[in-house]
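Asks: Just so you know, we're using our numbering here: the sequence shown kicks off at 11 and counts up by one.
Heads up, the beta-carbon is just placed ideally off N, CA and C, and yes, glycines get one too.
Bear in mind the structure is a predicted one, so any value in this text is a computation, not a measurement.
Pasting a structure below so you can have a look.
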Amino acid sequence: MALACLSACLDSKEPVDPEPTSKRTISISTGVAPLLVAYREGTSGDWLAATKVSDAAYEARVGGAYSVMVVCAETVQITSWTLEDALMVKGYCAVPATPLTVTGTMKQPGRVTLGAATTASVNEDWTFTLKVPAGAADLVAVSTDRIYVQRSLAISSNLTLPAIDLSTQGTALVDAAFTATNPRAGEVLSAATLLVSPRLDPQAQIYRGAMTAVKVVPSSLLGGDLVQEVSLRAQLLAGARQSMRTSRRPFRVGDDTSVTFWDPLPGHAFLIDQGRATLSWASRAELDTLSLSVSASNGWSYSVSASKNYLTDTKLTKLAIDLEAPGFLASWRPNLGAEYQMSLFAQRLTPIVESYSAEDTFNVGALAQ
């Protein structure tokens, strides 16, 4: 009778609940083959191994708030999003490129930027050598008072550029003075002028120095996808702790030159909680991204980056770097008993024009020993 009951019970299995329809498949791209890819749902669920699609592509089924961990050579990146953010998570493992060599000379002391490569000299009639990948790149040469820009320079082989002489090729830079409306006692104010385009990775530096004597690019050289940005900074050093408030926005001659710096995390603190590097806060302003990073004595770097949607949905008041994923090796872990650097990064974006936003950031770093 017991056997009959067992047979009947096995033959009449309860139906298995289907996967919730709110779940979606997210894609995870890593550039090159990673050491580990894992994911978890919510803020405290178990880490699970992501499904491998190819050497540098993975996927997972998630619903609501989720996190993805990508481990590359000496870097651990945790991205905490919701399905409202995106269905593609990029893990930024380094992709080696075969560079080409571009050489040239410049008559004046200054800086030359070509695509992602840049170099500078305080000497006259100097020679530069830059390593860049094949493709189109913008060339920017700048001295203390003049600038030359050549857009979309085609690079398909090793190349020697014509000599650069800013006295004949260049355009004069323009003076500008910026003021801060809310500086703190002890803060050092500074500014940087940058040129940004899809062919400058990430930018070409034009000026860096005092906020009251800035050199900016005239509007005649701008337009299309070549944008000038000013990065205005308020930096405070206090022992082993450093904070920086930054406002970065597009700028043309004649625009507003005042800046109000952003402070989104009053009452924040760095701590070690249950063996994990943790950032806590008493309150926070609206922001788009909040990140916590650790640089450890083993040469590795670790980060967790949470989106506005993730922070809103989970109502968290702390952010931790949780490394308890299956397959995470002990040799990859930071030694939080030795010297390490912990830092936070908060970002707020304000749309200016289509596909372009101004950026306010708040960055604090602290050295622990």
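#1: Looking at C-alpha atoms only, which residue of V105, T128, T108, A107 is the closest neighbour of G114?
#2: So the alpha helix (DSSP H) K328 belongs to, where does it begin and stop?
#3: Does the pairing of the segment 125-141 with the segment 87-99 give three or more beta-carbon distances under 8 Å?
#4: Is the Cβ-Cβ distance between V47 and Y76 less than 7 Å?
#5: Tell whether a beta-carbon distance below 7 Å holds between L199 and A190.
#6: Output the distance between the C-alpha atoms of A279 and A348, rounded to the nearest integer angstrom.
#7: The beta strand (DSSP E) spanning Y68 covers which residue range?
#8: I'd like to check one pair, A182 with R156: are the Cβ atoms closer than 7 Å?
#9: Decide if S315 is buried, meaning its Cβ has at least 16 other Cβ atoms within 10 Å, or exposed.
#10: So K141 is in the beta strand (DSSP E); what residue range does that whole segment cover?
#11: What are the start and end residues of each continuous alpha helix (DSSP H) run of 4 or more residues lying completely inside the segment 113-186, in chain order?
#12: Classify V26: buried if its beta carbon has 16 or more other beta carbons within 10 angstroms, exposed otherwise.
#13: Please report the straight-line C-alpha distance between L10 and L354, rounded to a whole angstrom.
#14: Within 10 angstroms of the Cβ of K225, are there 16 or more other Cβ atoms? Answer buried if so, exposed if not.
#15: Kindly identify the DSSP beta-bridge partner or partners of T40.
#16: Answer yes or no: do V152 and G120 have a C-beta to C-beta separation smaller than 7 Å?
#17: Helix, strand or coil for N192, going by three-state DSSP, please let me know.
#18: Return the first residue and the last residue of the beta strand (DSSP E) that N319 is part of.
#19: Exposed or buried, M79, counting other C-beta atoms within 10 Å across all chains shown (16 or more means buried)?
#20: Does the count of Cβ pairs from the segment 90-109 and the segment 313-333 closer than 8 Å reach three?
#21: For S341, which of helix, strand or coil comes out of DSSP?
#22: Taking the beta strand (DSSP E) that Y102 falls in, what are its first and last residues?
#23: Using the Cβ count rule (16 or more neighbours within 10 Å means buried), how would you classify L194?
#24: Contact between the segment 211-228 and the segment 166-173: three or more CB pairs below 8 Å?
#25: Return the CA-CA distance between G73 and L97, expressed in angstroms with no decimal places.
#26: Tell me which same chain residues have a C-beta within less than 7 Å of the C-beta of G233, skipping the five on either side of it?
#27: In angstroms with no decimal places, state the Cα-to-Cα distance between L281 and T267.
#28: Flag this pair as yes or no: are the beta carbons of T288 and A223 separated by less than 7 Å?
#29: Per DSSP, S230 forms a beta bridge with which residues?
#30: On a Cα-Cα basis, can you pick out the residue from L333, L163, Y366, P344 that is closest to S54?
Replies: So, to answer that:
#1: Checked all of V105, T128, T108, A107; the closest Cα to G114 is T128.
#2: Taken as a continuous stretch (DSSP letters only), K328 belongs to no alpha helix (DSSP H), being part of the beta strand (DSSP E) at 328-330.
#3: With contact defined as three or more Cβ pairs closer than 8 Å, the segment 125-141 and the segment 87-99 are not in contact.
#4: For V47 and Y76, no; Cβs fall outside 7 Å.
#5: For L199 and A190, yes; Cβs fall inside 7 Å.
#6: The straight-line gap from Cα to Cα measures roughly 19 Å.
#7: In the DSSP assignment, Y68 falls within the unbroken beta strand (DSSP E) covering 67-72.
#8: Cβ atoms of R156 and A182: closer than 7 Å.
#9: Label assigned to S315: buried.
#10: Note, K141: beta strand (DSSP E), 136-142.
#11: Here the runs fully enclosed are 176-179.
#12: Residue confidence for V26 is low, a pLDDT of 41 falling below 50, so the modelled location carries little weight; the figure read from the coordinates is stated next. V26 counts as exposed, since fewer than 16 other beta carbons sit within 10 angstroms of its beta carbon.
#13: This structure cannot speak to residue 10, because the chain is shown only from 11 to 379.
#14: So K225 counts as buried.
#15: Here T40 is not bridged, per DSSP, to any residue.
#16: A contact, by the Cβ cut-off of 7 Å.
#17: Three-state result, N192: coil.
#18: Per DSSP, N319 belongs to no beta strand (DSSP E); it is in the alpha helix (DSSP H), 318-324.
#19: It is buried - the Cβ of M79 has at least 16 other Cβ atoms within 10 Å.
#20: By the C-beta criterion, the segment 90-109 is judged to be in contact with the segment 313-333, since at least 3 inter-stretch pairs fall below 8 Å.
#21: In this structure, S341 counts as helix in the three-state DSSP scheme.
#22: Taken as a continuous stretch (DSSP letters only), Y102 belongs to no beta strand (DSSP E), as it is neither H nor E.
#23: Rather than Leu, the amino acid found at residue 194 in this sequence is Arg. With fewer than 16 Cβ atoms within 10 Å of its Cβ, R194 is classed as exposed.
#24: With a cut-off of 8 Å, the segment 166-173 and the segment 211-228 do not count as touching, because too few Cβ pairs lie within range.
#25: Across the structure, G73 and L97 are spaced so that their CA atoms are roughly 11 Å apart.
#26: Here the set comprises nothing.
#27: Distance between the alpha carbons of L281 and T267: 38 Å.
#28: Annotated as distal: T288 and A223, with beta-carbon spacing of 7 Å or more.
#29: Within the DSSP bridge table, the entry for S230 names no partner.
#30: Closest by alpha carbon: L333.
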